[in-house]
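Trainee: Mind looking over this structure? Questions follow.
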Amino acid sequence: MDMGARVAEPPDYGIDAPGVVRNLFVVGAVGWLVWGSVVLGLWSGQLVIPFPGLRIVFPLAGMGLGCGVGFTLMGVWMLWDSKVGKVRSRERLLQRVTWTGEEQVLDVGCGRGLLLIGAAKRLTTGRAVGIDLWQAEDLSGNRPEATLENARREGVADRVEVRTGDMRGMPFGDNTFDVVVSRAAVHNLYDAAARAQAIGEIARVLKPGGRALIEDIRHLREYETVFSENGCADVRRVGSLMVSVLLMLITFGSLRPGALVVRKSA
Ligand SMILES: C[S@@+](CC[C@H](N)C(=O)[O-])C[C@H]1O[C@@H](n2cnc3c(N)ncnc32)[C@H](O)[C@@H]1O
Numbered sequence: 004m005d006m007g008a009r010v011a012e013p014p015d016y017g018i019d020a021p022g023v024v025r026n027l028f029v030v031g032a033v034g035w036l037v038w039g040s041v042v043l044g045l046w047s048g049q050l051v052i053p054f055p056g057l058r059i060v061f062p063l064a065g066m067g068l069g070c071g072v073g074f075t076l077m078g079v080w081m082l083w084d085s086k087v088g089k090v091r092s093r094e095r096l097l098q099r100v101t102w103t104g105e106e107q108v109l110d111v112g113c114g115r116g117l118l119l120i121g122a123a124k125r126l127t128t129g130r131a132v133g134i135d136l137w138q139a140e141d142l143s144g145n146r147p148e149a150t151l152e153n154a155r156r157e158g159v160a161d162r163v164e165v166r167t168g169d170m171r172g173m174p175f176g177d178n179t180f181d182v183v184v185s186r187a188a189v190h191n192l193y194d195a196a197a198r199a200q201a202i203g204e205i206a207r208v209l210k211p212g213g214r215a216l217i218e219d220i221r222h223l224r225e226y227e228t229v230f231s232e233n234g235c236a237d238v239r240r241v242g243s244l245m246v247s248v249l250l251m252l253i254t255f256g257s258l259r260p261g262a263l264v265v266r267k268s269a
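This is the structure in structure tokens:
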């Protein structure tokens, strides 16, 4: 065995919304504690609120168990998605384009380069540019250096560039990119007008006939409308409707993930 051989380091694309993941585990742990303390016989597990002529009883043990299971599972799912699921779904998304290898590609809200690097791997003479504001609350270890390090680990550093900028006003000319990609980024703008601005920017920098691949956890219908108002009438919703509806039900409408394949009119 060659003891000098170095094991290739895998890329690390970070954990999405790390604060949300932490909170899910904290609330889940509180739920397990409440349930566990009742099972151990430390208290009755019932919160009784007496009203004149009325006695309201909250069965906290059951609620604790429900929160423990629900929030812990949600946290585990978010961790799994960040570590495994999102790499798989990037491949499915990028396969929606027929690549020549010569494309100019933009990743909007690129973070640590998940789609940026996935696209760069499909390029020969083309280049992939990522733009981001590097917000730590949206992605763990979110820094341009981390993105460039991942590009180096994936062997595409020569085809990748990162820029610091806001998706609502991007420093690129009209009709610059053959392909624009974005994953889990535009929903971070909490105001519908700001999201419309970002989608309008994506449409503006796309070349006529160019493609946009947009995956996000909610607001897909809103994006469809804005794209069609900005010269991109050819918009297709892709991905599993079943998963989208299931997640919508489990999260009481908070998540409604999906992806769009968009073509700018020639
Ligand atoms: C959940 S992360 C996803 C990162 C990457 N696309 C991925 O799939 O791993 C969302 C990203 O959007 C970026 N972002 C949020 N608001 C932005 C804005 N107004 N302009 C540019 N990037 C933004 C964040 O900094 C973060 O990197």
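Position one of the sequence shown corresponds to residue 4 (the working numbering), numbered consecutively onward.
Even for Gly, the Cβ is constructed at its ideal location relative to N, Cα and C.
(1) Quick one: Cα of Val41 to Cα of Arg156, how far?
(2) Report the rounded CA-to-CA distance for Met251 versus Ala262, giving the unit in angstroms.
(3) Using CA atoms only, rank isn't needed, just tell me which of Gly168, Asp169 and Asn153 is closest to Arg162.
(4) I'd like the list of long-range same chain contacts for Asp141, defined as Cβ closer than 6 Å, with 5 residues on each side in sequence excluded.
(5) Tell me the DSSP bridge mates of Glu218?
(6) Quick one: grab the DSSP three-state call for Gly48.
(7) Under three-state DSSP, which class holds Met4?
(8) The beta strand (DSSP E) spanning Leu57 covers which residue range?
(9) Which residue from Leu244, Ser243 and Glu204 puts its Cα closest to that of Ser231?
(10) Tell me the rounded alpha-carbon separation between Pro13 and Phe180.
(11) Can you grab the Cα-Cα spacing for the pair Trp3 / Gly88, in whole Å?
(12) State the CB to CB distance for the pair Met173 and Ala188, rounded to an integer number of angstroms; the pair is presumed to be in contact (CB under 8 Å).
(13) Pairs of beta-carbons, one from the segment 52-64 and one from the segment 25-42, closer than 8 Å: are there three or more?
(14) Let me know the secondary structure DSSP gives Gln107 once reduced to three states.
Mentor: A quick look at the data gives this:
(1) Numbered from its first residue, the sequence shown carries residue 41 at position 38. Numbered from its first residue, the sequence shown carries residue 156 at position 153. Near 50 Å, if we compare the C-alpha coordinates of Arg156 and Val41.
(2) Sequence index remark: in the sequence shown, residue 251 carries index 248 (1-based). Sequence index remark: in the sequence shown, residue 262 carries index 259 (1-based). Going from the Cα of Met251 to the Cα of Ala262 covers about 15 Å.
(3) Counted from its first residue, the sequence shown places residue 162 at position 159. With distances taken between Cα atoms, Arg162 lies closest to Asn153.
(4) One-based indexing of the sequence shown puts residue 141 at position 138. If we look at Asp141 and ignore the five residues flanking it on each side, its Cβ neighbours are Asn191.
(5) As a working mapping, residue 218 is identified with position 215 in the sequence shown. Paired residues: Arg186 and Ala262.
(6) For this step, residue 48 is matched to residue 45 along the sequence shown. If DSSP states are grouped into helix, strand and coil, Gly48 belongs with coil.
(7) In the sequence shown, residue 4 corresponds to position 1, counting from 1. Interpretation of Met4 is limited by its pLDDT of 44, a score under 50 that renders its predicted location unreliable; the figure taken from the coordinates is listed afterwards. If DSSP states are grouped into helix, strand and coil, Met4 belongs with coil.
(8) Stepping through the sequence shown from its first residue, residue 57 is reached at position 54. Leu57 -> beta strand (DSSP E) spans Leu57 to Pro62.
(9) In the sequence shown, the residue the question calls residue 231 occupies position 228. Ranking the options by Cα distance to Ser231, first place goes to Glu204.
(10) Reading the sequence shown from its first residue, position 10 is the one you call residue 13. Reading the sequence shown from its first residue, position 177 is the one you call residue 180. Approximately 29 Å between the Cα atoms of the pair.
(11) Examination of residue 3 is not possible in this model, given that the chain is present from 4 through 269 alone.
(12) Within the sequence shown, residue 173 is the residue found at index 170, counting from 1. Within the sequence shown, residue 188 is the residue found at index 185, counting from 1. Not really, about 12 Å apart at Cβ, beyond 8 Å.
(13) yes
(14) Residue numbering aside, residue 107 sits at position 104 when the sequence shown is read from its first letter. In this structure, Gln107 counts as strand in the three-state DSSP scheme.
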